[in-house]
Amino acid sequence: MSKRQMTGAEMVVEALKDQGVDVVFGYPGGAVLPIYDAIFQQNHVRHVLVRQEGGAAHAAEGYARSTGKVGVLLVTSGPGATNAVTGLTDALLDSIPLVCFTGQVPTHLIGSDAFQECDTVGITRHCTKHNYLVRSIEDLPRILHEAFYVASHGRPGPVVIDLPKDIQFATGWYEKPEITAHKTYKPRLKGDAASILQAVEMMAKAKRPVFYTGGGIINSGPLASKLIRDFVALTDFPITSTLMGLGAYPASGKNWLGMLGMHGTYEANHTMHDCDLMICVGARFDDRITGRLDAFSPHSKKIHIDIDPSSINKNVRVDLPIVGDCAHVLQDMMEVWKERSLKTDKAALTEWWKQIEIWRGRKSLAYRPSKTNIKPQYAIQRLYELTRDKDCYITTEVGQHQMWAAQYYHFEEPNRWMTSGGLGTMGYGLPAAIGTQMAHPDALVIDIAGDASILMNIQEMSTAKQYRSNVKIFILNNQYMGMVRQWQELLHGGRYAESYTESLPDFVKLAEAYGAKGIRCSDPNDLDRAIKEMIETPGVVVFDCIIEAEENCFPMIPSGKAHNDMILAELGDDGGLEIGSIIDEKGKMLV
Amino acid sequence: MNAPAPLPPSPYSSALGKSNVESHTLAVIVDNEPGVLARVVGLFSGRGYNIESLTVAEVAHGEHLSRITIVTSGPPEAIEQIGHQLERIVPIHKVTDLTLTGRAIERELAMIKVRGKGDERSEALRLAEAFHAKLIDATTESFVFELTGKPNKIDDFVELMRPLGLVEIARTGVAAITRGPMAM
Ligand SMILES: Cc1ncc(C[n+]2csc(CCOP(=O)(O)OP(=O)(O)O)c2C)c(N)n1
Ligand SMILES: [Mg+2]
């Protein structure tokens, strides 16, 4: 296409169109008015008005995570930009591709402490993959497209474009540049052939193997999920996943061990601990996963496939690193495996599965049912059973409810599960659900929430209402910051400092105040009916699910402990074990 | 009383094991654009790495390329991490660990001001000659010497000047390059 003359603000909209962006989440202000004016005068790019810029960032994350596309937000200078910082950091830690446009004071005022000026590129340097301050209109077309390239290539992440107001008004020449490679940023997609051969040979010899998968598979795209399924089917190896990777392998698959890590299953963690070969695909050995590092899977050889070389050997030394994109590497591994007609050690695997069955037999997700109170685990189980045949997407807030959702809601497909893993951001779930719903207007999108978290971005109810979203907010209401209370029980003698959520709003009335429907349920016998009502009610619904308040989230690897040192519910809440005595002094220091 | 139980291994101790702290010199080629130095320095402070010395200057004006030389210290695993973390910074072209490539030449320039009279003054001058330091400014009561060399040579010279009336030091930090015909 030929060059066309237009203003900087028009270029922004033009670039969004050229990038195939259909929706932008944002909030206006003085420093971005020219861009809002340009958006107003066209019909290709839709703007969704959030109620706080933090909501825009999480909505863009939900949109991105549920589609695999880049999420876009637009905020004004100063407070608009600083409000977006939490969401940018969240996207950085969970490798979510975002492009965030921030307004900036005009170039000649930069550095003068002008009204609503802040050093946006300085502030966001640490919480973005890359950022730009646009200094001339000539640079703008390149920067606009480069930003999308950087956000979505390699390990995805958030990119900020800080746009001074004079640049938005300036006129220049726009042309869609074809960026197929970046001058300096060149992520490696194909893995090293020799290492790939070595990897499959290690797999063929393994006696006690396990696939340990993570969010990298989801980021890599649907092909990576398909390949990991095929590989598991081919080898019959057991597979576990981090919180971020749920759905890459179906929870109904027979080789599925459940999630691993701090609140992972007994079988997943023990399999990790006792394995002789760990094949890590797109995960990063983070502290929620490894527990005590010097006792982490002590007898295994470790293969680590990751697109980001800095993830390799960061926390755990591995025997065979393979830098590359999950799908590329898995594909090559499959081919080599087939070419060489490699076979697994069937006899050893049979023994291994026997052992795993023993661990499974511990039924680490079992809990004591109640006839009078709704157990949170039961609530999620029912929610799952009543929505599993629907086109359903789940987001969460942060806390016990998030872990229960990960444990008891079962994911069959990738991109169906949006949660704040790395940063653990309360307030993520509602805006993320709105963003997800924007991308999937006919789907059933449910935010599994906590009573405390939901209040962190409750204003986004207005957004949901305005855009006729059908988002359902399923609050596991324990009247506590439950996860904080659980840790206080573990570490601080049960002194529940400030973790009781006093003066909660009446969530049903709150829903009504926003023009939504509110449903309350506290009776396990009425739960199914109430959940069905929620599903069948069009529009935004807040479900206030009153659960057993003091329930703790098990199983758990207490901080500073090893994978084979878990607390199970039967010992914890129900077995009368004094859980306050489990964590030692050093473990208390950890988070 | 029982003998005290042995302390359990620290839950923090990483599986990387305890290794020796080494000093490495990294050469980093970057696009000379605003903020790039802040990105590099911010990475070191944000992730708790050490900077012993850092120099930066544009080395290719046409292409706007700068070379940053960083002397850092840490266990080898941490230094490997630093290299990879630097490579994640978008405007960075290339990171080379000159200590690993071996036999790199390292030089630093220092300007050293010494103030004194009589015997001390002539002693300072004599030592400067021995170190091949250049005299670049003189008054009746002071000298400024320019000295180029490895950092420890400069350290040695500074220590000798200290009792002779050392008043001020300016050092550039280390610049480094590999030996032989090849570029890094
Ligand atoms: C923004 C933010 N502030 C504080 C925390 C620390 N934190 C983690 S879980 C939690 C309590 C969450 O309570 P609730 O939403 O009711 O969930 P529950 O654990 O009760 O299910 C808190 C305060 C956090 N993760 N995010
Ligand atoms: Mg709660």
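Those protein sequence lines, which keep their order, are chains E and F. Take any residue in the first sequence, count from 1 to its spot, add 21: that is its number in this note's numbering. 34 is the number that this note's numbering gives to position 46 of the second sequence; each next residue is one higher, with no gaps. Yeah, the Cβ is synthetic: ideal placement off N, Cα and C, and Gly gets one too.
Check your understanding: Relative to the alpha-carbon of residue 313/E, which residue among 577/E, 167/E, 255/E and 326/E has its alpha-carbon at the smallest distance?
Key -> 577/E
Review point. Going along the chain, which unbroken runs of the beta strand (DSSP E) with 3 or more residues stay wholly within the region 418 to 482 of chain E?
Key: 465 to 471
Exercise for review: Kindly indicate which three-state DSSP category residue 502/E falls into: helix, strand or coil?
Suggested key: coil
Check your understanding: Where does residue -2/F sit, in a helix, a strand or coil, going by DSSP?
Key -> Note that residue -2/F scores a pLDDT of 38, beneath 50, so its modelled location is shaky; the value from the coordinates is reported in the next line. Looking at residue -2/F - three-state DSSP - the assignment turns out to be coil, as it is neither helix nor strand.
Check your understanding: Any chance the region 18 to 34 of chain F sits against the region 49 to 65 of chain F, with 3 or more Cβ pairs inside 8 Å?
Key -> yes
Point to revise | the region 133 to 152 of chain E: positions lying closer than 9 Å to chain F by Cβ | key: 142, 143, 146, 147, 150, 151 and 152
Check your understanding: Going by the CB atoms, is the gap between residue 537/E and residue 561/E shorter than 8 Å?
Key -> yes
Review point. Under 7 Å from any heavy atom of ligand 2, does the C-beta of residue 420/E make it?
Key: yes
Check your understanding: Can you find a C-beta in chain F that's less than 8 Å from the C-beta of residue 206/E?
Key -> yes
Review point. Cβ of residue 414/E versus every heavy atom of ligand 2: is any distance shorter than 7 Å?
Key: no
Practice item. Under 7 Å Cβ to Cβ from residue 11/F, same chain only, skipping five residues before and after it: list those, please. Key: 40, 59 and 61
Practice item. Decide if residue 149/F is buried, meaning its Cβ has at least 16 other Cβ atoms within 10 Å, or exposed. Key: buried
Review point. Considering only residues of the same chain and omitting the five flanking positions on each side of residue 155/E, which have a CB-CB separation below 8 Å?
Key: 29, 161, 164, 182, 183, 184, 185 and 188
Practice item. Check whether the region 445 to 457 of chain E touches the region 473 to 485 of chain E, counting contact only when three or more Cβ pairs, one atom from each stretch, lie closer than 8 Å. Key: yes
Exercise for review: Measure the alpha-carbon distance for residue 226/E versus residue 463/E and round it to whole angstroms.
Suggested key: 47 Å
Practice item. Indicate the three-state DSSP secondary structure (helix, strand or coil) for residue 240/E in the structure shown. Key: helix
Practice item. Find out if the Cβ-Cβ distance for the pair residue 241/E, residue 433/E is shorter than 8 Å. Key: no
Review point. Mind checking residue -3/F: buried by the 16 CB within 10 Å criterion, or exposed?
Key: Note that residue -3/F has pLDDT 41, beneath the 50 cutoff, so the model's placement of it is unreliable and the number below is only indicative. So residue -3/F ends up on the exposed side.
Practice item. Check the Cβ of residue 78/F against every Cβ in chain E and list those closer than 8 Å, keeping chain order. Key: 150, 151, 171, 203, 205 and 206
**Study point:** Below-8 Å beta-carbon distance, residue 198/E vs any chain F residue
**Key:** no
Exercise for review: Taking residue 330/E as the query, report the chain F residues whose CB atoms sit under 7 Å from its CB, ordered along the chain.
Suggested key: 72 and 75
Review point. Mind checking if residue 19/F is an interface residue toward chain B, Cβ cutoff 8 Å exclusive?
Key: Looking for chain B here will not work: the only protein chains present are E and F.
Review point. Which residues bound the beta strand (DSSP E) around residue 195/E?
Key: 192 to 195
Check your understanding: Hey, is residue 499/E close to ligand 2, as in C-beta under 7 Å from one of its heavy atoms?
Key -> yes
Practice item. For residue 16/E, name the three-state secondary structure that DSSP assigns. Key: What is shown of chain E runs 22 to 612, which leaves residue 16/E out entirely.
Review point. Of all the CB atoms in chain E, is at least one closer than 8 Å to the CB of residue 48/F?
Key: no
Practice item. Could you please give the first and the last residue of the uninterrupted alpha helix (DSSP H) stretch that includes residue 122/E? Key: From DSSP, residue 122/E is part of no alpha helix (DSSP H) but of the beta strand (DSSP E) over 119 to 125.
Check your understanding: On the three-pair Cβ rule with 8 Å, is the region 312 to 329 of chain E touching the region 253 to 265 of chain E?
Key -> no
Point to revise | Supposed contact pair residue 125/E and residue 104/E - C-beta distance, whole angstroms, cut 8 Å | key: Not quite, the Cβ-Cβ distance comes to about 15 Å (not below 8 Å), so this is no contact.
Check your understanding: Would DSSP call residue 486/E helix, strand or coil?
Key -> helix
Practice item. With 8 Å as the threshold, decide whether the Cβ of residue 290/E is near any Cβ in chain F. Key: no
Practice item. Would you identify the three-state DSSP class for residue 37/F, choosing helix, strand or coil? Key: coil
Review point. Where does residue 60/E fall in DSSP's three states?
Key: helix
**Study point:** Range of the contiguous beta strand (DSSP E) that encloses residue 93/F
**Key:** 92 to 103
Check your understanding: Which bits of chain E does residue 161/F rub up against, with CB to CB less than 7 Å?
Key -> The contacting residues do not exist; residue 161/F stays about 23 Å from chain E at best.
Check your understanding: Rounded to a whole number of angstroms, what is the C-alpha to C-alpha distance between residue 0/F and residue 604/E?
Key -> Bear in mind that a pLDDT of 37 at residue 0/F, under 50, signals an unreliable position, so the model cannot answer this.
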